[in-house]
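> Have a look at the structure that comes next, please.
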Amino acid sequence: MTAQLIDGNALARDIRADVARRAAALSALGHPPGLAVVLVGDDPASQVYVRHKIKDCEDAGVRSVLARYDAGASQAQVIERIQALNADPAIHGILVQLPLPPHIDTHRVLEAISPLKDVDGFHIASAGALMVGRPVFKSCTPYGCMKMLESIGCDPKGKHAVVIGRSNIVGKPMAILLLQANATVTICHSATVDLAWHTRHADIVVAAVGKRNMLTRDMVKPGAVVIDVGMNRDEHGKLCGDVDHAAVREVAGWITPVPGGVGPMTRAMLLTNTIEAAERSAR
Ligand code: NAP
């Protein structure tokens, strides 16, 4: 069996087109949607991500504001700016690009964002709301993965899903979304004994670790859906995921590519969260 590819680029394009339609409708009513991006320091990868997010906004007709600080900016300065953005009625979503420089307490900064504008879904209030089944904003990456499952008609109900990774931004919210979609969910992590035993019993595997080739062919049940969240570099510097893609593709039923899978969906779901925030505030 050769797995079918879940095309994140194509799906993200459709989602961005939907956001653009909704942004135009809001703007026509005098409520143009706005996203603020807070960037501290000069981490090269962060600069690229922020450029992409701003370009996505431009393309979709969402106004964006870049609040940029040098690496020496103080925590108080950043929080003060976030508070001003919280109070700005033209801004509906605020995201702080991570990582922040080490002298800044990431937790304190994320908690300064109004939960009503927390389009990344990283605030404790967003995590808590998701946990009790009343999400305001779903974290963009897990949200995008759920959309990918939906796009192939994969209903998690009754399925066994294995999520590898338990971070607050990917693994945990992913597991909760799958659970709420009535999957039976196993969360694996670095202390899991016999990871392959778990993954071999999974109908859906989500790999969110950050280690190249950590999910190999022998770890996957024939026909399983494999979602590769990982972002790594191979020996030639080329972007790759956590899954040994070429080999796993031979046994899986569906698989996401890297690049062109979860990455573009994460960006698209940020736009979706922003437009949802703007629509709520216009009601
Ligand atoms: P993270 O915070 O470093 O978490 C990694 C998780 O993997 C941890 O829970 C860790 O377990 C687990 N882990 C490490 N080694 C393992 C092993 N050998 N077996 C099983 N589990 C293991 O990373 P993250 O922020 O969740 O991101 C994960 C990956 O997704 C990264 O490559 C990141 O770049 C990528 N990512 C991609 C997107 C996208 O849009 N495509 C978005 C976000 C993240 P412990 O908890 O026990 O340490």
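In this text, residue positions in the sequence shown follow the working numbering: the first is 878, and each later residue adds one. The beta carbon of each residue, even a glycine, is placed where N, CA and C say it ideally should be.
Going by Cα to Cα distance, which pick from His984, Ser904, Val1039, Ala1129 is closest to Ala1060?
Position 183 of the sequence shown, counting from 1, holds the residue named residue 1060. Cα-wise, what sits closest to Ala1060 is Val1039.
> Can you give me the C-alpha to C-alpha distance between Ala894 and Ala937, rounded to a whole angstrom?
By one-based count along the sequence shown, residue 894 stands at place 17. By one-based count along the sequence shown, residue 937 stands at place 60. Distance between the alpha carbons of Ala894 and Ala937 is about 7 Å.
> Three-state secondary structure (DSSP) at Thr1018?
For the purposes of this step, residue 1018 is taken as the residue at position 141 of the sequence shown. If DSSP states are grouped into helix, strand and coil, Thr1018 belongs with the helices.
> Give me, in chain order, the residues of the same chain whose beta-carbon lies closer than 6 Å to that of Ala1073; leave out the 5 immediate sequence neighbours on both sides.
Within the sequence shown, numbered from 1, the residue matching residue 1073 stands at position 196. Contacts found: Met1096.
> Going by alpha carbons, who is nearest to Leu888 out of Arg1157, Val1106, Cys1022?
What you label residue 888 is simply residue 11 of the sequence shown in a count that begins at 1. The shortest C-alpha separation from Leu888 is found at Cys1022.
> Cutting at 8 Å between CB atoms, please list the residues of its own chain near Ala840, excluding the five before and the five after it.
Residue 840 lies beyond the residue range present for the chain, which begins at 878 and ends at 1160; the question has no answer from this structure.
> Less than 6 Å between C-beta atoms, sequence neighbours within five positions excluded: which residues of the same chain meet that for Cys1117?
Along the sequence shown, one-based indexing puts residue 1117 at 240. Once the five neighbours on either side are set aside, the close Cβ partners of Cys1117 are Arg1089, Asn1109, Asp1111, Val1135.
> Whose C-alpha, out of Ile981, Ser1003, Thr983, is nearest the C-alpha of Ser991?
To locate residue 991, count along the sequence shown from 1; it is residue 114. The shortest C-alpha separation from Ser991 is found at Ser1003.
> Could you check what DSSP says for Leu888 in three-state terms: helix, strand or coil?
Here residue 888 corresponds to residue number 11 of the sequence shown, with the count starting at 1. Residue state, collapsed to three classes: helix.
> Since Leu987 is in the alpha helix (DSSP H), which residue starts that stretch and which ends it?
Here the question's residue 987 lines up with position 110 in the sequence shown. Taken as a continuous stretch (DSSP letters only), the alpha helix (DSSP H) holding Leu987 covers 983-989.
> Exposed or buried, Ile981, counting other C-beta atoms within 10 Å across all chains shown (16 or more means buried)?
Here residue 981 refers to the residue found at position 104 of the sequence shown. It counts as buried.
> Return yes when the Cβ of Gln974 is within less than 7 Å of the Cβ of Ser1028, no when it is not.
Within the sequence shown, numbered from 1, the residue matching residue 1028 stands at position 151. Within the sequence shown, numbered from 1, the residue matching residue 974 stands at position 97. No, Cβ-Cβ distance for Ser1028 and Gln974 is not below 7 Å.
> Where does Gly1107 sit, in a helix, a strand or coil, going by DSSP?
Stepping through the sequence shown from its first residue, residue 1107 is reached at position 230. Of the three classes helix, strand and coil, the one that applies to Gly1107 here is coil, per DSSP.
> Ser941 bridges to which residues according to DSSP?
Residue numbering aside, residue 941 sits at position 64 when the sequence shown is read from its first letter. For Ser941, which the question treats as bridged, DSSP gives the partners Leu912.
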